[in-house]
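Engineer:
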Amino acid sequence: MSNLNRRTFIKTTLGSAAAASMAGMAWKPYRGRGGSLELLRVASVGVGGMGWSDLNRVSDHAAVEIAALCDVDSNNLGRARDIFEDARGFSDWREMFGAMGNEIDAVTVSTPDHMHAPVTMTALMNNKHVYCQKPLTHTIHESRRMVEVAKRKPLLTTQMGTQNASRQHKRQAQQMLTDGIIGEVKAIHAWSDRPAGWWPQGKDRPSGNDPVPGYLKWDLWLGVAPTRPYVSETYAPFKWRGIRDFGCGALGDMACHIADTPIQAFRLYKPTSVLVEATDATADMFPSTERVIIEFAGVDASGGKPVTLSWTDGGRKPTPQELGVAEDVELLANCCAVIGSKATMLVDQEKGFLEMWSDGKRMDFKKPNLEGRNHWHQWVDAAFDGDQTQSNFIFAGRMCETLALGALASRFPNQKLKYDSKSMTFPDFPEANQWVKTDYREGWAVKGLSEQT
Ligand SMILES: NC(=O)c1ccc[n+]([C@@H]2O[C@H](COP(=O)([O-])OP(=O)(O)OC[C@H]3O[C@@H](n4cnc5c(N)ncnc54)[C@H](O)[C@@H]3O)[C@@H](O)[C@H]2O)c1
221 MSNLNRRTFI KTTLGSAAAA SMAGMAWKPY RGRGGSLELL RVASVGVGGM GWSDLNRVSD
281 HAAVEIAALC DVDSNNLGRA RDIFEDARGF SDWREMFGAM GNEIDAVTVS TPDHMHAPVT
341 MTALMNNKHV YCQKPLTHTI HESRRMVEVA KRKPLLTTQM GTQNASRQHK RQAQQMLTDG
401 IIGEVKAIHA WSDRPAGWWP QGKDRPSGND PVPGYLKWDL WLGVAPTRPY VSETYAPFKW
461 RGIRDFGCGA LGDMACHIAD TPIQAFRLYK PTSVLVEATD ATADMFPSTE RVIIEFAGVD
521 ASGGKPVTLS WTDGGRKPTP QELGVAEDVE LLANCCAVIG SKATMLVDQE KGFLEMWSDG
581 KRMDFKKPNL EGRNHWHQWV DAAFDGDQTQ SNFIFAGRMC ETLALGALAS RFPNQKLKYD
641 SKSMTFPDFP EANQWVKTDY REGWAVKGLS EQT
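Okay, here's the thing in structure tokens:
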């Protein structure tokens, strides 16, 4: 369909939808702007790195207009403004909301992890649809609040940026798991080669104090995080991932992409304990390699029995024997194995790999008739038609609470921490409670996160 036809299609569809709404039919009206229904006016926050990709993938939808761009790096902002000439540019997202709150319908958030929740929550509170990069949140508290607010605002369309979840093989895998193909789920293994030398972990706080480059607004980059001197080649861009104040480590970075399929299929949303096995975790950084064992309360798919997720990173993998696959199988670097009473499923995050094994042999199986989808356009379309997105915040916030739990537990390695998800506390280990919520820097209170609203 050409862009013009597509836009006409959406406009026509919206017209009938509005009529259906007025007639009292089950239609979720699009509420983002209350004016013309022709275009979704998007503001993009963080437009370098993955944000560049998000900006381009969202804006190539025919019903999207990029209305505002925000980046603390003037080079990245300038590159985006050269293409989207009509968009207004900002370096501070708070000013952007203040100046253009009534002229934007939707926001993409592709900043470092520590700023996801502050920008996203502000957007939700201002009734904007949000596409936010993974992981959606940085702490347990942020995760819980995100789910609560997303539930309270069902007319807003949300999507976490786990684009692989919309690929054909991952959709098929999720459907097969939901349909019970593996029998009762017994255990999940997921693993990643990250940080894989891409960014440092397992070290102390970087020393030094370099002049901030003229193109970078360092104080705005720090945002809600504690003040730190700028050290070149250390934090921005990209290398902040292994540092607790800014990133979520390899677990937060990759498990969203790798372990999401079984977590979503089985609704594993109630972790009851966590144990991180690691030797070089520091107060400042996540360990260079770890095994994270998370127990979930029983679900229907496990016959009510607890389910264990065993996550390894830094190149550690489970053995083929643990997974019930042939001994000579070369396991992919980033992959997930879901072990059930009847079979084991292997599904990777990006290569399109989906296999079933039983009794150490590959099984033939029929894949459900599901297509791959464009994750970014799915979000835009859903903002118009009210459909549920693949990685909506009600799911994403629940999953990210579990990942934030694993990240927190690496502060207390080699100790099993019981977790009471109802009260979001560690009843037998009160030292851990202080990390459920982190205080934002003075002057950076965020409505919806800094206080209960
Ligand atoms: N879905 C994926 O496959 C995928 C891949 C890579 C990164 N990511 C995610 O994307 C996010 C960004 O990662 P990255 O590798 O692009 O990081 P990066 O550091 O390379 O880029 C971040 C961008 O955001 C800008 N920025 C930083 N703070 C900002 C603020 N307060 N306001 C506005 N702009 C700000 C930076 O200047 C830069 O342009 C992370 O959350 C990461 O997990 C997702």
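Residue 673, in the numbering used here, is where the sequence shown stops; the numbers in between run on with no holes.
Idealized CB from N, CA, C, for every residue including glycine.
Can at least three beta-carbon pairs, one atom from the stretch 622-631 and one from the stretch 646-657, be found at a separation below 8 Å?
Structural biologist: Contact holds: three or more Cβ-Cβ distances are below 8 Å.
Engineer: Report buried or exposed for D424, applying the criterion of at least 16 other Cβ atoms within 10 angstroms of its Cβ.
Structural biologist: Counting from one through the sequence shown, the residue named residue 424 turns up at place 204. Exposed.
Engineer: Taking the straight line between their C-alpha atoms, what separation do you get for S279 and Y455?
Structural biologist: Taking the sequence shown and counting its residues from 1, the one referred to as residue 279 is at position 59. Taking the sequence shown and counting its residues from 1, the one referred to as residue 455 is at position 235. The alpha-carbon atoms of S279 and Y455 are separated by roughly 28 Å.
Engineer: For A603, which of R301, G309 and T328 has the nearest alpha-carbon?
Structural biologist: Position 383 of the sequence shown, counted from the start, is the residue given in the question as residue 603. Comparing Cα positions, the closest option is T328.
Engineer: Going by DSSP, name the residue or residues bridged to P374.
Structural biologist: What you label residue 374 is simply residue 154 of the sequence shown in a count that begins at 1. None; P374 has no bridge partner.
Engineer: Would you list the residues sitting across from C290 in a DSSP beta bridge?
Structural biologist: For the purposes of this step, residue 290 is taken as the residue at position 70 of the sequence shown. DSSP, once it has assigned bridges, lists V265 and F310 as partnering C290.
Engineer: Any heavy atom of ligand 1 closer than 7 Å to the CB of C675?
Structural biologist: Only positions 221 to 673 of the chain appear in the structure, and residue 675 is not among them; the question remains open.
Engineer: Spatial neighbours of R172 within its chain, please: CB distance less than 7 Å, with the 5 preceding and 5 following residues excluded, ordered by chain position.
Structural biologist: With the chain represented from 221 up to 673, any question about residue 172 goes unanswered, as that position is not in the structure.
Engineer: Could you tell me which whole beta strand (DSSP E) segments of length 3 or greater appear in the stretch 367-428?
Structural biologist: The qualifying runs are 378-380 and 405-411.
Engineer: Taking the continuous beta strand (DSSP E) assigned at M468, which residues delimit it?
Structural biologist: Here the question's residue 468 lines up with position 248 in the sequence shown. For clarity, residue 468 is Cys in the given sequence; the question names Met instead. No beta strand (DSSP E) holds C468; DSSP gives it neither H nor E.
Engineer: As a quick exercise: from R631, L566 and Q635, pick the residue whose alpha carbon is nearest that of G409.
Structural biologist: In the sequence shown, counting from the first residue as 1, residue 409 sits at position 189. Reading off the sequence, residue 409 comes out as His, not Gly. Of the candidates R631, L566 and Q635, the one whose C-alpha sits nearest the C-alpha of H409 is L566.
Engineer: For the structure I just gave you, are there three or more beta carbon pairs, one from the stretch 602-618 and one from the stretch 374-393, closer than 8 Å?
Structural biologist: Enough Cβ pairs lie closer than 8 Å, so yes.
Engineer: Going by DSSP, which residues form a beta bridge with V558?
Structural biologist: Counting from one through the sequence shown, the residue named residue 558 turns up at place 338. Its beta-bridge partners are I408 and M565.
Engineer: Three Cβ pairs or more, each shorter than 8 Å: is that satisfied between the stretch 513-522 and the stretch 398-413?
Structural biologist: Verdict: yes, contact present.
Engineer: Whose C-alpha, out of L440, S452 and W419, is nearest the C-alpha of N429?
Structural biologist: What you label residue 429 is simply residue 209 of the sequence shown in a count that begins at 1. If we check each option's Cα against that of N429, S452 comes out closest.
Engineer: Near L224, what residues of its chain come up, given a Cβ to Cβ distance below 7 Å and the 5 sequence neighbours on each side ignored?
Structural biologist: Position 4 of the sequence shown, counted from the start, is the residue given in the question as residue 224. Because L224 sits at a pLDDT of 34, beneath the cut-off of 50, its placement in the model cannot be relied upon, and the following sentence gives the value as read from the coordinates. Around L224: no qualifying Cβ.
Engineer: The alpha helix (DSSP H) that contains F604, what's its start and end?
Structural biologist: The residue labelled residue 604 in the question sits at position 384 within the sequence shown. H595 to D605 is the extent of the alpha helix (DSSP H) around F604.
Engineer: Could you compute how far the alpha carbon of L551 sits from the alpha carbon of T532?
Structural biologist: Residue 551 sits at position 331 when you count from the first residue of the sequence shown. Residue 532 sits at position 312 when you count from the first residue of the sequence shown. Roughly 13 Å between the two C-alpha positions.
Engineer: Measure the Cβ-Cβ separation of D293 and S330 and say whether it is below 8 Å.
Structural biologist: For the purposes of this step, residue 293 is identified with residue 73 of the sequence shown, where counting begins at 1. For the purposes of this step, residue 330 is identified with residue 110 of the sequence shown, where counting begins at 1. No, they are not a contact pair.
Engineer: Any heavy atom of ligand 1 inside 7 Å of the beta-carbon of G428?
Structural biologist: Position 208 of the sequence shown, counted from the start, is the residue given in the question as residue 428. No, the beta carbon of G428 sits no closer than 7 Å to any heavy atom of ligand 1.
Engineer: For the beta strand (DSSP E) holding M576, just list the boundary residues, first then last.
Structural biologist: Counting from one through the sequence shown, the residue named residue 576 turns up at place 356. Where M576 is concerned, the enclosing beta strand (DSSP E) stretches over L574 to S578.
Engineer: Does P446 pass the burial test, meaning 16 or more other C-beta atoms within 10 Å, or should it be called exposed?
Structural biologist: As a first step, residue 446 is located in the sequence shown; it is residue number 226 there, counting from the start. Burial call: exposed.
Engineer: Between P426, P420 and S493, which lies nearest to L637 when the distance is taken from Cα to Cα?
Structural biologist: Start at 1 with the first residue of the sequence shown, and residue 637 comes out as number 417. Ranking P426, P420 and S493 by Cα distance to L637 puts S493 first.
Engineer: Is it buried or exposed, G235, if we count other Cβ atoms within 10 angstroms and call 16 or more buried?
Structural biologist: Here residue 235 refers to the residue found at position 15 when the sequence shown is read from its first residue. Model confidence at G235 stands at a pLDDT of 36, short of 50, so the residue's coordinates are unreliable and nothing is read from them.
Engineer: Could you tell me the boundaries of the beta strand (DSSP E) in which E515 lies?
Structural biologist: Here residue 515 refers to the residue found at position 295 when the sequence shown is read from its first residue. Looking at the DSSP string, the run of the beta strand (DSSP E) that includes E515 is E510 to F516.
Engineer: Output yes if chain B places a C-beta closer than 8 Å to the C-beta of A501; else output no.
Structural biologist: Chain labels in this structure do not include chain B; a single protein chain is all it has.
Engineer: Figure out for me which residue from I513, T481 and L440 has the closest Cα to the Cα of E662.
Structural biologist: For the purposes of this step, residue 662 is taken as the residue at position 442 of the sequence shown. Minimum Cα distance to E662 is reached at L440.
Engineer: Within 10 angstroms of its Cβ, does Y250 collect 16 or more other Cβ (buried), or is it exposed?
Structural biologist: For the purposes of this step, residue 250 is taken as the residue at position 30 of the sequence shown. Since pLDDT at Y250 reaches only 45, below the 50 mark, its modelled position is unreliable, and the value read off the structure follows with that caveat. Buried, because 16 or more other Cβ atoms sit within 10 Å of the Cβ of Y250.
Engineer: What do you reckon, are the CB atoms on C352 and H336 nearer than 8 Å?
Structural biologist: Indexing the sequence shown from 1 puts residue 352 at position 132. Indexing the sequence shown from 1 puts residue 336 at position 116. Cβ distance < 8 Å, so C352 and H336 count as in contact.
Engineer: With a Cβ-Cβ cutoff of 8 Å, do K537 and W411 count as a contact?
Structural biologist: What you label residue 537 is simply residue 317 of the sequence shown in a count that begins at 1. What you label residue 411 is simply residue 191 of the sequence shown in a count that begins at 1. Yes. Within cutoff.
Engineer: So what does DSSP say about K657, is it helix, strand or coil?
Structural biologist: Sequence index remark: in the sequence shown, residue 657 carries index 437 (1-based). Coil at K657, not helix or strand.
Engineer: Exposed or buried, which one is A665 when buried takes at least 16 other CB atoms within 10 Å?
Structural biologist: If you number the sequence shown from 1, residue 665 lands on position 445. Exposed: under 16 other Cβ atoms inside 10 Å.
Engineer: Suppose you measure from the CA of L471 to the CA of V350; what does that come to, to the nearest Å?
Structural biologist: One-based indexing of the sequence shown puts residue 471 at position 251. One-based indexing of the sequence shown puts residue 350 at position 130. Their backbone Cα atoms lie some 23 Å apart in a straight line.
Engineer: Within 8 Å, do at least three Cβ pairs link the stretch 581-594 to the stretch 336-348?
Structural biologist: Flag = no, the stretch 336-348 and the stretch 581-594 do not touch.
Engineer: Taking C-alpha atoms, which residue in W272, S630 and G271 lies nearest to E497?
Structural biologist: Walking along the sequence shown from the start, residue 497 turns up at place 277. For the residues W272, S630 and G271, the minimum Cα distance to E497 belongs to S630.
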